[in-house]
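> One structure, as structure tokens, below. Some questions next.
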Amino acid sequence: LLAFHKKHSVLHRIRPLASYTHSLASSLMDQLDIISMAETTMMPEEIELEMAKIQRLREVLVRRESELRFMMDDIQLCKDIMNLKQELQNLVAIPEKEKTKMQKQREDELIQKIHKLVQKRDFLVDDAEVERLREQEEDKEMAEFLRIKLKPLDKVTRSPASTPAEKKAEPPPSKPTVAKAGIAIIKDCCGATQCNIM
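Read in order, the letters of the sequence shown correspond to residues 1 to 198 in the UniProt record's numbering.
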């Protein structure tokens with residue numbers, strides 16, 4: 001009998017990535033004003049702010065690329081694990097008395113290989129959680145930076161007829177809890193029932 005312990009506490013926090021990256025990128029694109037090279041009315045502060053938004057969009061795209069690479073690695077790991085488990089199940093189904101020495105050796109090899117692959121996948125999940133926390137901190141810093149930069153610009157561009165109350169610019173949308181793989185992938189290829197050999 002072989003059963004592999006899964007890190008459910010971590011995996012249950014993982015959400016689909018495509019929706020997050022798409023929404024954040026769309027939000028940043030909406031904030032970017034396409035300015036003609038002939039435009040001469042931009043202040044240095046406005047140029048700096050727009051450059052910061054472009055840099056932010058570039059970071060989002062780099063994150064998305066990293067997430068997609070992880071998803072490919074995760075899918076391949078799941079496939080390898082399931083293939084090895086299927087072979088192991090076939091050997092386990094053979095009565096112990098009827099197994100050859102070679103079959104017993106192969107059974108031990110499969111157990112070791114599966115164990116290593118599961119450990120490797122667990123490490124990927126741990127790395128994803130660390131990366132998620134780091135990106136959350138980056139998002140907070142960028143939101144604060146944009147808030148500070150937008151505050152003086154709001155005073156300059158505000159019309160005289162506007163109300164005295166200053167309207168603070170809203171920071172970019174906060175990042176949802178994500179890691180490097182969607183929960184759908186986890187369920188499809190490494191569900192709790194599939195990852196256990198009874």
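Glycine residues also receive a C-beta, built at the ideal position from the N, C-alpha and C atoms.
Note that the coordinates shown come from a computational prediction; the quantities given were computed from them, not determined experimentally.
So what's I114 in DSSP terms, helix, strand or just coil?
Reading the sequence shown from its first residue, position 114 is the one you call residue 114. I114 falls in the helix class under three-state DSSP.
> By DSSP, does K85 sit in helix, in strand, or in coil?
Working through the sequence shown from its first residue, we reach residue 85 at position 85. In this structure, K85 counts as helix in the three-state DSSP scheme.
> Using a Cβ distance threshold of 8 Å, determine whether the region 85-92 contacts the region 105-120, with at least three qualifying pairs required.
Cβ pair count under 8 Å is three or more, so yes.
> By a C-beta neighbour count over all protein chains shown, 10 Å radius and 16 as the cutoff for buried, is R134 buried or exposed?
Stepping through the sequence shown from its first residue, residue 134 is reached at position 134. Counting Cβ neighbours within 10 Å, R134 comes out exposed, since fewer than 16 surround it.
> DSSP three-state label for I75, please.
As a working mapping, residue 75 is identified with position 75 in the sequence shown. Helix, per DSSP.
> Give me the Cα-Cα distance between I81 and E59, rounded to the nearest whole angstrom.
Numbered from 1 along the sequence shown, position 81 holds the residue referred to as residue 81. Numbered from 1 along the sequence shown, position 59 holds the residue referred to as residue 59. Computed Cα separation, rounded: 33 Å.
> Could you check which residue in E141, V62, K99 and L117 has the C-alpha nearest to that of residue 211?
In the structure as shown, the chain starts at 1 and stops at 198, and residue 211 therefore has no counterpart that could be examined.
> For K99, which three-state DSSP category applies?
Within the sequence shown, numbered from 1, the residue matching residue 99 stands at position 99. In this structure, K99 counts as coil in the three-state DSSP scheme.
> By the 10 Å Cβ neighbour count, where 16 or more other Cβ atoms means buried, how is E67 classified, buried or exposed?
Mapped onto the sequence shown, residue 67 falls at position 67. By the 10 Å Cβ count, E67 comes out buried.
> Out of curiosity, what's the CA-to-CA distance linking E46 and R56?
The sequence position of residue 46 within the sequence shown is 46, counting from 1. The sequence position of residue 56 within the sequence shown is 56, counting from 1. Each residue's Cα considered, the two are about 15 Å apart.
> Does DSSP put I94 in a helix, a strand or coil?
In the sequence shown, residue 94 corresponds to position 94, counting from 1. Looking at I94 - three-state DSSP - the assignment turns out to be coil, as it is neither helix nor strand.
> Which of the three DSSP states is assigned to M43 in this structure?
By 1-based counting over the sequence shown, the position of residue 43 is 43. Here M43 sits in coil by DSSP.
> Between the C-alpha atoms of E48 and K120, what's the straight-line distance to the nearest angstrom?
The residue you call residue 48 lines up with position 48 of the sequence shown. The residue you call residue 120 lines up with position 120 of the sequence shown. Each residue's Cα considered, the two are about 43 Å apart.
> To which residues of the same chain is D188 closer than 6 Å at the C-beta, ignoring the five residues directly before and after it?
Along the sequence shown, read from residue 1 onward, the residue named residue 188 stands at position 188. For D188, the predicted model reports a pLDDT of 43, less than 50, meaning its position is unreliable and no value from the coordinates is stated.
> Return the CA-CA distance between L61 and Q76, expressed in angstroms with no decimal places.
The residue given as residue 61 occupies position 61 in the sequence shown. The residue given as residue 76 occupies position 76 in the sequence shown. Cα to Cα, L61 sits roughly 23 Å from Q76.
> Leaving out five residues on either side along the sequence, give the residues of the same chain with a beta carbon under 8 Å from the beta carbon of Q103.
In the sequence shown, the residue the question calls residue 103 occupies position 103. Once the five neighbours on either side are set aside, the close Cβ partners of Q103 are L91 and I94.
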